[in-house]
Amino acid sequence: MTYQKPHIDISGALSRDAHKVIEALAPRTRWEIFEHVTRRAYSVGEIARLMPVSRPAVSQHLKILKDVGLVQEEVDGVRHIFRADPRQLAVLRRWLDGFWDQALDNMKHLMETQDD
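As numbered in full-length UniProt numbering, residues 1 to 116 make up the sequence shown, in order.
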């Protein structure tokens, strides 16, 4: 019997929204900023003090996270407060669930064909 490597087709399966979320979280600094705002709400200045990044850089990262729906912004006087909005992560979760369903189906098929 010849071994045939299972194929997982993810081409085209990644929705536009999921792609935007992955792209937004790709830079390590942005990922770390997102991790902070998942714990509690922070102002730009508070995040800048936690990380070796300038306030303008933090603002740019937060704008990108906000544009893809990963954070919400609340204005309190001159302070801009950011908190995570995990609803957009559901888009990524659905894609990952589909990916693993297909991978497990391929593994099951491989195991069934090896028994023959």
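Glycine included, C-beta positions come from ideal geometry on N, C-alpha and C.
**OP:** Would you mind sorting ALA103 into buried or exposed? The rule is 16 or more other CB atoms within 10 Å of its CB.
**Re:** Taking the sequence shown and counting its residues from 1, one reaches residue 103 at position 103. Exposed, by the Cβ-count rule.
Original post:
Are the region 43-54 and the region 87-98 touching by the rule of at least three beta carbon pairs closer than 8 Å?
Top reply: no
Original post:
Along the chain, which unbroken stretches of the alpha helix (DSSP H) at least 4 residues long are found entirely within the UniProt domain "HTH arsR-type" (10-111)?
Top reply: With a minimum length of 4 residues, the unbroken runs of alpha helix (DSSP H) contained wholly in the UniProt domain "HTH arsR-type" (10-111) fall at 16-25, 28-39, 44-50 and 55-67.
Original post:
Going by Cα to Cα distance, which pick from ASP85, HIS109 and THR29 is closest to ARG39?
Top reply: Position 39 of the sequence shown, counted from the first residue, corresponds to residue 39. Comparing alpha carbon positions, the residue from ASP85, HIS109 and THR29 closest to ARG39 is ASP85.
**OP:** State whether the region 95-109 contacts the region 23-43, with contact taken as three or more CB pairs (one from each stretch) at a distance under 8 Å.
**Re:** no
Original post:
Quick one: Cα of GLN60 to Cα of ASN106, how far?
Top reply: Counting from 1 along the sequence shown, the entry for residue 60 is found at position 60. Counting from 1 along the sequence shown, the entry for residue 106 is found at position 106. Their backbone Cα atoms lie some 42 Å apart in a straight line.
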